[in-house]
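If you read the sequence shown in the working numbering, its first letter stands for residue 8, the second for the next number, and so on.
Every residue, glycine too, gets a C-beta built ideally from N, C-alpha and C.
Keep in mind it's a predicted model, so treat the numbers as computed, not measured.
One structure below.
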Amino acid sequence: MPDPEEPSRSPDLSGAGVPEATGSTHKGFFLRCQVIFLVEAFSSIGTGVGNVVCSLVDGGWRLRGSKGSEVTEMEDTMFVAVFPLADLPPGRSAVVEVGEEEIALFNVKGEIFAIENACPHAGAALGRGDLCEESGTVACPWHGWSIDVRSGACRSDVATVRTFPVRIEGGEILVALEGEG
Numbered sequence: 008m009p010d011p012e013e014p015s016r017s018p019d020l021s022g023a024g025v026p027e028a029t030g031s032t033h034k035g036f037f038l039r040c041q042v043i044f045l046v047e048a049f050s051s052i053g054t055g056v057g058n059v060v061c062s063l064v065d066g067g068w069r070l071r072g073s074k075g076s077e078v079t080e081m082e083d084t085m086f087v088a089v090f091p092l093a094d095l096p097p098g099r100s101a102v103v104e105v106g107e108e109e110i111a112l113f114n115v116k117g118e119i120f121a122i123e124n125a126c127p128h129a130g131a132a133l134g135r136g137d138l139c140e141e142s143g144t145v146a147c148p149w150h151g152w153s154i155d156v157r158s159g160a161c162r163s164d165v166a167t168v169r170t171f172p173v174r175i176e177g178g179e180i181l182v183a184l185e186g187e188g
């Protein structure tokens, strides 16, 4: 039994901008998750999500960034939930921010792709370009450069944009925090 006179060993996160995690038990009661630790330097390893809280939720670990983005680890790659899948129908695009990185999301015939949101020619926002589902390319809104959203390759130049691995989980689009392209 904990001593009521002894101070709590849990960190005080009030005012830290970290959302509290809650989960439900099988009886329907809400259980406030005990925060296990706060990793203040997490963004220094390249995740760009700010402070991260690791908490135990209904028997499983969950990481949540201070900006509210849920982070999961799969096969040594960190993914962050960035956008609801239901809000990105086929043929559409969206732009999200992960840390300081702008990422353009594209739904090509039900398959989601994520690329850097800057044309290699002049930096235009590719997420605002016209998506061609047949070719899987987006046309730069400024000068019409055609970028393959699957590979990041420019069709008319040797330039490329970074691509990001994507997963779908629980109706959310998750993007790997470090680009592969």
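Run the CB neighbour count on I175, radius 10 Å, all protein chains shown included, and call it buried at 16 or more, exposed below. exposed
Using beta-carbon positions only, say whether A111 and I119 come within less than 8 Å of one another. no
Evaluate P96 with the Cβ neighbour count: other Cβ atoms within 10 Å of its Cβ, from every protein chain shown; 16 or more gives buried, anything less gives exposed. exposed
Which value, in whole angstroms, describes the spacing of the CA atoms of V89 and A146? 23 Å
Taking DSSP's pairing of strands, which residues face N124 in a bridge? Note: N124 sits in no beta bridge, so no partner.
For L138 and A125, believed in contact at Cβ under 8 Å, the rounded distance: About 16 Å; that fails the 8 Å criterion.
State the Cα-Cα distance for the pair G130 and E141, rounded to the nearest angstrom. 24 Å
Assign C164 to one of three DSSP states: helix, strand, or coil. It should be noted that the sequence gives Asp, not Cys, for residue 164. It is coil, neither helix nor strand.
If we count the other Cβ atoms within 10 Å of its Cβ and call it buried at 16 or more, is T144 buried or exposed? buried
Which value, in whole angstroms, describes the spacing of the CA atoms of P127 and R135? 15 Å
When burial is assigned at 16 or more other CB atoms within 10 Å of the CB, is A101 buried or exposed? buried
Beta strand (DSSP E) containing S153: first to last residue? S153 to D155
Relative to the C-alpha of R157, which candidate in P172, F86 and V105 has its C-alpha closest? P172
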